[in-house]
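**Student:**
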Amino acid sequence: MRVHFIVHESFEAPGAYETRAINRGHDVTYSRVYAGDRLPADAVGIDFLIVMGGPQDPDTTLEACPHFNAKAEQALIASAVKTGKAVIGICTGSQLIGEALGAPFSHSPEKEIGKFPITLSEDGRKDEMFSHFGKTLEVGHWHNDMPGLTPEAKIIAYSEGCPRQIVAYSDRVFGFQCHMELTLDVVERLIAHSEKDLSRAAEYRFVDTPEALRAHDYSEMNQVLFGFWISWKHVTQQRKHNVMLGKLAIGFDFNVRSGTERTSYLS
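With positions in the sequence shown counted from 1, the corresponding number in the working numbering is that position plus 957.
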(Lines of atoms letter the chains of each structure in order from A and count residues from 1; the text may use other names and numbers.)
(Lines give C-alpha, C1' and ligand atoms only; values in the text may rest on other atoms or scores of the structure.)
Protein backbone atom coordinates (compact mmCIF):
# COMPACT_ATOMS: atom_id res chain seq x y z
CA MET A 1 0.00 0.00 0.00
CA ARG A 2 1.23 3.48 -0.88
CA VAL A 3 0.92 5.78 2.14
CA HIS A 4 1.57 9.49 1.70
CA PHE A 5 2.00 11.92 4.60
CA ILE A 6 1.57 15.69 4.41
CA VAL A 7 3.65 17.09 7.27
CA HIS A 8 3.29 20.78 8.05
CA GLU A 9 5.99 21.23 10.70
CA SER A 10 9.00 19.25 11.91
CA PHE A 11 7.53 19.17 15.43
CA GLU A 12 4.15 17.81 14.20
CA ALA A 13 5.61 14.42 13.30
CA PRO A 14 3.47 11.44 12.17
CA GLY A 15 4.47 9.46 15.25
CA ALA A 16 2.56 6.19 15.60
CA TYR A 17 0.97 6.51 12.14
CA GLU A 18 4.44 6.46 10.60
CA THR A 19 5.57 3.61 12.86
CA ARG A 20 2.61 1.49 11.79
CA ALA A 21 3.08 2.21 8.08
CA ILE A 22 6.79 1.41 8.13
CA ASN A 23 6.45 -1.71 10.28
CA ARG A 24 3.80 -3.08 7.91
CA GLY A 25 6.15 -2.64 4.97
CA HIS A 26 4.06 -0.03 3.18
CA ASP A 27 5.56 2.26 0.56
CA VAL A 28 5.79 5.50 2.56
CA THR A 29 6.29 8.93 0.97
CA TYR A 30 6.14 12.45 2.36
CA SER A 31 5.37 16.03 1.50
CA ARG A 32 7.29 17.85 4.23
CA VAL A 33 5.98 21.24 3.21
CA TYR A 34 7.95 23.06 5.94
CA ALA A 35 11.11 21.87 4.16
CA GLY A 36 9.93 22.97 0.71
CA ASP A 37 8.52 19.65 -0.56
CA ARG A 38 5.82 19.93 -3.19
CA LEU A 39 2.41 18.35 -2.85
CA PRO A 40 1.50 15.58 -5.32
CA ALA A 41 -0.38 16.96 -8.32
CA ASP A 42 -3.18 14.47 -7.66
CA ALA A 43 -3.97 11.30 -5.72
CA VAL A 44 -3.22 8.85 -8.55
CA GLY A 45 -0.10 7.41 -6.90
CA ILE A 46 -1.59 7.30 -3.39
CA ASP A 47 -3.64 4.60 -1.67
CA PHE A 48 -3.77 6.19 1.78
CA LEU A 49 -3.40 9.95 2.38
CA ILE A 50 -2.61 11.11 5.92
CA VAL A 51 -2.70 14.88 6.54
CA MET A 52 -0.99 15.90 9.76
CA GLY A 53 -1.63 18.79 12.12
CA GLY A 54 0.13 22.06 12.77
CA PRO A 55 -0.28 25.52 14.27
CA GLN A 56 -2.11 26.60 11.11
CA ASP A 57 -5.84 26.43 10.42
CA PRO A 58 -7.65 26.31 7.05
CA ASP A 59 -7.90 30.12 7.02
CA THR A 60 -4.12 30.57 7.33
CA THR A 61 -2.90 32.46 4.26
CA LEU A 62 0.28 32.03 2.26
CA GLU A 63 1.29 35.49 3.41
CA ALA A 64 1.05 34.36 7.03
CA CYS A 65 2.73 30.99 6.39
CA PRO A 66 4.43 30.69 2.96
CA HIS A 67 4.85 26.91 3.14
CA PHE A 68 1.20 26.19 3.99
CA ASN A 69 -1.15 26.20 0.99
CA ALA A 70 -4.56 25.31 2.39
CA LYS A 71 -6.32 25.48 -0.98
CA ALA A 72 -3.81 23.17 -2.66
CA GLU A 73 -4.08 20.65 0.17
CA GLN A 74 -7.86 20.75 0.01
CA ALA A 75 -7.69 20.09 -3.75
CA LEU A 76 -5.49 17.03 -3.15
CA ILE A 77 -7.82 15.78 -0.41
CA ALA A 78 -10.82 16.25 -2.71
CA SER A 79 -9.00 14.30 -5.44
CA ALA A 80 -8.27 11.46 -3.01
CA VAL A 81 -11.86 11.32 -1.78
CA LYS A 82 -13.29 11.46 -5.31
CA THR A 83 -11.11 8.56 -6.45
CA GLY A 84 -12.01 6.38 -3.45
CA LYS A 85 -8.70 6.58 -1.59
CA ALA A 86 -8.42 6.21 2.18
CA VAL A 87 -7.91 9.57 3.92
CA ILE A 88 -7.21 10.51 7.53
CA GLY A 89 -6.69 14.04 8.77
CA ILE A 90 -5.25 14.80 12.19
CA CYS A 91 -5.97 18.12 13.95
CA THR A 92 -5.49 20.75 11.20
CA GLY A 93 -5.67 17.88 8.72
CA SER A 94 -9.14 16.97 9.94
CA GLN A 95 -10.26 20.57 9.47
CA LEU A 96 -8.84 20.58 5.93
CA ILE A 97 -10.87 17.45 5.10
CA GLY A 98 -14.05 19.16 6.23
CA GLU A 99 -13.22 22.27 4.21
CA ALA A 100 -12.43 20.16 1.12
CA LEU A 101 -15.88 18.58 1.43
CA GLY A 102 -17.64 21.91 1.90
CA ALA A 103 -17.86 21.97 5.70
CA PRO A 104 -16.09 24.98 7.31
CA PHE A 105 -14.06 24.42 10.46
CA SER A 106 -14.93 26.25 13.67
CA HIS A 107 -13.40 27.03 17.04
CA SER A 108 -13.62 24.37 19.71
CA PRO A 109 -15.43 25.35 22.92
CA GLU A 110 -12.23 24.65 24.87
CA LYS A 111 -8.51 24.66 24.21
CA GLU A 112 -7.16 21.16 24.82
CA ILE A 113 -3.50 20.27 25.30
CA GLY A 114 -2.62 17.06 27.07
CA LYS A 115 -4.20 13.67 27.61
CA PHE A 116 -7.92 13.57 28.34
CA PRO A 117 -10.75 11.09 27.72
CA ILE A 118 -12.93 10.94 24.64
CA THR A 119 -16.33 9.26 24.69
CA LEU A 120 -17.78 7.27 21.83
CA SER A 121 -21.10 8.53 20.51
CA GLU A 122 -23.99 6.22 19.69
CA ASP A 123 -22.76 6.12 16.07
CA GLY A 124 -19.26 5.34 17.32
CA ARG A 125 -20.45 2.47 19.52
CA LYS A 126 -22.36 0.99 16.58
CA ASP A 127 -19.39 1.17 14.18
CA GLU A 128 -17.35 -2.03 14.25
CA MET A 129 -14.22 -0.11 13.26
CA PHE A 130 -14.27 1.42 16.75
CA SER A 131 -15.48 -1.61 18.70
CA HIS A 132 -12.10 -1.92 20.47
CA PHE A 133 -12.13 1.70 21.75
CA GLY A 134 -14.43 0.96 24.68
CA LYS A 135 -16.93 3.57 25.87
CA THR A 136 -14.17 6.02 26.76
CA LEU A 137 -10.48 6.26 25.95
CA GLU A 138 -7.75 8.64 27.08
CA VAL A 139 -6.02 10.19 24.07
CA GLY A 140 -3.74 13.09 23.22
CA HIS A 141 -4.94 16.60 22.39
CA TRP A 142 -3.27 19.76 21.09
CA HIS A 143 -5.79 22.13 19.54
CA ASN A 144 -8.07 25.19 19.57
CA ASP A 145 -10.32 24.33 16.60
CA MET A 146 -12.41 21.44 15.25
CA PRO A 147 -13.53 20.08 11.86
CA GLY A 148 -16.77 21.00 10.12
CA LEU A 149 -19.57 18.52 9.48
CA THR A 150 -21.02 17.59 6.11
CA PRO A 151 -24.67 16.43 6.01
CA GLU A 152 -23.46 12.80 5.80
CA ALA A 153 -20.78 13.07 8.50
CA LYS A 154 -21.09 11.15 11.75
CA ILE A 155 -19.51 12.17 15.04
CA ILE A 156 -17.76 9.05 16.31
CA ALA A 157 -16.29 10.49 19.50
CA TYR A 158 -16.37 13.68 21.55
CA SER A 159 -14.76 15.05 24.70
CA GLU A 160 -15.88 17.38 27.45
CA GLY A 161 -13.96 20.19 25.78
CA CYS A 162 -14.72 19.43 22.12
CA PRO A 163 -17.86 17.92 20.53
CA ARG A 164 -16.04 16.70 17.39
CA GLN A 165 -13.04 14.57 18.29
CA ILE A 166 -13.43 11.86 15.64
CA VAL A 167 -15.59 12.43 12.56
CA ALA A 168 -16.46 9.82 9.92
CA TYR A 169 -17.11 11.52 6.58
CA SER A 170 -17.49 8.08 4.96
CA ASP A 171 -16.14 4.61 5.69
CA ARG A 172 -12.89 5.64 3.99
CA VAL A 173 -12.48 9.23 5.19
CA PHE A 174 -11.94 10.21 8.84
CA GLY A 175 -11.04 13.35 10.72
CA PHE A 176 -9.23 12.91 14.05
CA GLN A 177 -9.14 16.17 15.97
CA CYS A 178 -7.42 14.24 18.75
CA HIS A 179 -3.81 13.07 18.54
CA MET A 180 -3.66 9.31 19.01
CA GLU A 181 -0.30 9.27 17.22
CA LEU A 182 1.59 11.11 19.98
CA THR A 183 4.71 9.51 21.41
CA LEU A 184 7.02 10.90 24.09
CA ASP A 185 9.44 12.02 21.37
CA VAL A 186 6.72 13.92 19.48
CA VAL A 187 5.40 15.42 22.73
CA GLU A 188 8.87 16.71 23.59
CA ARG A 189 9.06 18.46 20.22
CA LEU A 190 5.62 19.99 20.71
CA ILE A 191 6.50 21.23 24.19
CA ALA A 192 9.52 23.04 22.77
CA HIS A 193 7.27 24.93 20.34
CA SER A 194 4.39 25.64 22.72
CA GLU A 195 5.98 27.63 25.54
CA LYS A 196 3.38 30.43 25.42
CA ASP A 197 0.36 28.11 25.59
CA LEU A 198 1.85 25.88 28.26
CA SER A 199 2.98 28.79 30.44
CA ARG A 200 -0.72 29.65 30.85
CA ALA A 201 -1.88 26.10 31.57
CA ALA A 202 -3.52 27.10 34.85
CA GLU A 203 -5.93 29.39 32.96
CA TYR A 204 -7.53 26.49 31.07
CA ARG A 205 -9.49 23.43 32.19
CA PHE A 206 -7.92 21.11 29.65
CA VAL A 207 -4.28 22.17 29.31
CA ASP A 208 -1.59 20.06 30.96
CA THR A 209 1.71 21.36 32.26
CA PRO A 210 4.94 20.23 30.55
CA GLU A 211 5.61 17.98 33.54
CA ALA A 212 2.24 16.27 33.18
CA LEU A 213 2.71 15.88 29.42
CA ARG A 214 6.03 14.13 29.98
CA ALA A 215 4.55 11.85 32.65
CA HIS A 216 1.74 10.44 30.50
CA ASP A 217 1.87 6.97 28.96
CA TYR A 218 0.89 7.22 25.28
CA SER A 219 1.46 3.57 24.35
CA GLU A 220 -2.09 2.36 25.05
CA MET A 221 -3.73 4.86 22.69
CA ASN A 222 -1.06 4.05 20.08
CA GLN A 223 -2.07 0.38 20.26
CA VAL A 224 -5.75 1.30 19.94
CA LEU A 225 -4.85 3.38 16.89
CA PHE A 226 -3.06 0.37 15.37
CA GLY A 227 -6.18 -1.67 16.06
CA PHE A 228 -8.29 0.91 14.23
CA TRP A 229 -5.96 0.66 11.22
CA ILE A 230 -6.39 -3.13 11.14
CA SER A 231 -10.15 -2.95 11.72
CA TRP A 232 -10.56 -0.23 9.10
CA LYS A 233 -8.84 -2.35 6.46
CA HIS A 234 -10.85 -5.46 7.37
CA VAL A 235 -14.22 -3.69 7.51
CA THR A 236 -13.76 -1.77 4.25
CA GLN A 237 -12.71 -4.97 2.47
CA GLN A 238 -15.74 -6.79 3.89
CA ARG A 239 -18.09 -3.98 2.89
CA LYS A 240 -16.62 -3.93 -0.61
CA HIS A 241 -17.12 -7.71 -0.80
CA ASN A 242 -20.73 -7.34 0.35
CA VAL A 243 -21.38 -4.72 -2.33
CA MET A 244 -20.02 -7.08 -4.98
CA LEU A 245 -22.22 -9.90 -3.68
CA GLY A 246 -25.20 -7.56 -3.90
CA LYS A 247 -24.36 -6.77 -7.52
CA LEU A 248 -23.99 -10.46 -8.28
CA ALA A 249 -27.40 -11.17 -6.76
CA ILE A 250 -29.02 -8.34 -8.73
CA GLY A 251 -27.38 -9.49 -11.96
CA PHE A 252 -28.42 -13.10 -11.38
CA ASP A 253 -32.01 -12.13 -10.57
CA PHE A 254 -32.25 -9.88 -13.63
CA ASN A 255 -31.00 -12.59 -15.99
CA VAL A 256 -33.23 -15.29 -14.49
CA ARG A 257 -36.25 -13.05 -14.91
CA SER A 258 -35.28 -12.18 -18.49
CA GLY A 259 -34.76 -15.84 -19.40
CA THR A 260 -31.06 -15.65 -20.27
CA GLU A 261 -28.74 -18.54 -19.46
CA ARG A 262 -25.94 -16.59 -17.82
CA THR A 263 -25.28 -13.31 -16.04
CA SER A 264 -22.77 -10.63 -16.90
CA TYR A 265 -21.45 -10.66 -13.32
CA LEU A 266 -20.96 -14.39 -13.05
CA SER A 267 -19.39 -14.96 -16.46
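Each residue gets a CB set at the ideal place from its N, CA and C atoms; glycine is no exception.
Please confirm whether phenylalanine 1073 and serine 1116 have their CB atoms less than 9 Å apart.
**Tutor:** For this step, residue 1073 is matched to residue 116 along the sequence shown. For this step, residue 1116 is matched to residue 159 along the sequence shown. It is a contact, given that the beta carbons lie within the stated cut-off.
**Student:** Between the stretch 1039-1048 and the stretch 1069-1089, are three or more C-beta pairs nearer than 8 Å?
**Tutor:** Output reads no: the stretch 1069-1089 does not touch the stretch 1039-1048.
**Student:** Closer than 8 Å is the cut-off here; do at least three beta carbon pairs connect the stretch 1161-1168 with the stretch 1064-1078?
**Tutor:** Enough Cβ pairs lie closer than 8 Å, so yes.
**Student:** Where do the ends of the alpha helix (DSSP H) carrying serine 1156 lie?
**Tutor:** Locating residue 1156 in the sequence shown gives position 199, counting from the first residue. Where serine 1156 is concerned, the enclosing alpha helix (DSSP H) stretches over 1152-1156.
**Student:** Exposed or buried, proline 1104, counting other C-beta atoms within 10 Å across all chains shown (16 or more means buried)?
**Tutor:** As a working note, residue 1104 is residue 147 in the sequence shown. Result: buried.
**Student:** Are there 16 or more other CB atoms within 10 angstroms of the CB of proline 1061, so buried, or fewer, so exposed?
**Tutor:** In the sequence shown, the residue the question calls residue 1061 occupies position 104. Under this definition proline 1061 is an exposed residue.
**Student:** Taking C-alpha atoms, which residue in Cys1048, His965 and Thr976 lies nearest to glutamine 1180?
**Tutor:** The residue you call residue 1180 lines up with position 223 of the sequence shown. Out of Cys1048, His965 and Thr976, Thr976 has the C-alpha closest to the C-alpha of glutamine 1180.
**Student:** Which two residues bound the contiguous alpha helix (DSSP H) that contains glycine 1050?
**Tutor:** Start at 1 with the first residue of the sequence shown, and residue 1050 comes out as number 93. Note, glycine 1050: alpha helix (DSSP H), 1049-1057.
**Student:** Have a look at serine 1036 and valine 1008 and give me their C-alpha separation to the nearest angstrom.
**Tutor:** Taking the first residue of the sequence shown as position 1, residue 1036 is located at position 79. Taking the first residue of the sequence shown as position 1, residue 1008 is located at position 51. So the two alpha carbons sit approximately 14 Å from each other.
**Student:** Identify the residues that DSSP records as bridge partners of lysine 1111: which are they?
**Tutor:** If you number the sequence shown from 1, residue 1111 lands on position 154. Lysine 1111 pairs with Ala1125.
**Student:** Roughly how many angstroms lie between the CA atoms of glutamate 966 and glutamate 1138, to the nearest whole one?
**Tutor:** As a working mapping, residue 966 is identified with position 9 in the sequence shown. As a working mapping, residue 1138 is identified with position 181 in the sequence shown. Straight-line Cα distance between these residues: approximately 15 Å.
**Student:** Output needed for isoleucine 1123: all residues of its chain with C-beta closer than 6 Å, excluding positions within five of it in sequence on either side, in chain order.
**Tutor:** The sequence position of residue 1123 within the sequence shown is 166, counting from 1. Here the set comprises Ile1113, Ala1114 and Phe1133.
**Student:** With a threshold of 16 other CB atoms inside 10 Å of the CB of aspartate 1016, please say whether the residue is buried or exposed.
**Tutor:** Position 59 of the sequence shown, counting from 1, holds the residue named residue 1016. Exposed, by the Cβ-count rule.
**Student:** Indicate whether histidine 1173 and glycine 1118 have their beta-carbon atoms separated by less than 9 Å.
**Tutor:** Reading the sequence shown from its first residue, position 216 is the one you call residue 1173. Reading the sequence shown from its first residue, position 161 is the one you call residue 1118. Contact flag unset, no.
**Student:** Please classify valine 1001 as buried or exposed, where buried requires at least 16 other C-beta atoms within 10 Å of its C-beta.
**Tutor:** Along the sequence shown, read from residue 1 onward, the residue named residue 1001 stands at position 44. The residue is exposed, with fewer than 16 neighbouring Cβ atoms inside 10 Å.
**Student:** Which of the three DSSP states, helix, strand or coil, is assigned to asparagine 1026?
**Tutor:** Within the sequence shown, the letter at position 69 stands for residue 1026. Asparagine 1026: coil per DSSP, three-state reduction.
**Student:** At the level of alpha carbons, what is the spacing between proline 971 and isoleucine 1003?
**Tutor:** Here residue 971 refers to the residue found at position 14 when the sequence shown is read from its first residue. Here residue 1003 refers to the residue found at position 46 when the sequence shown is read from its first residue. Going by the C-alpha atoms only, they are around 17 Å apart.
**Student:** Buried or exposed: where does aspartate 1102 fall if 16 or more other Cβ atoms within 10 Å of its Cβ makes it buried?
**Tutor:** Here the question's residue 1102 lines up with position 145 in the sequence shown. Classification for aspartate 1102: buried.
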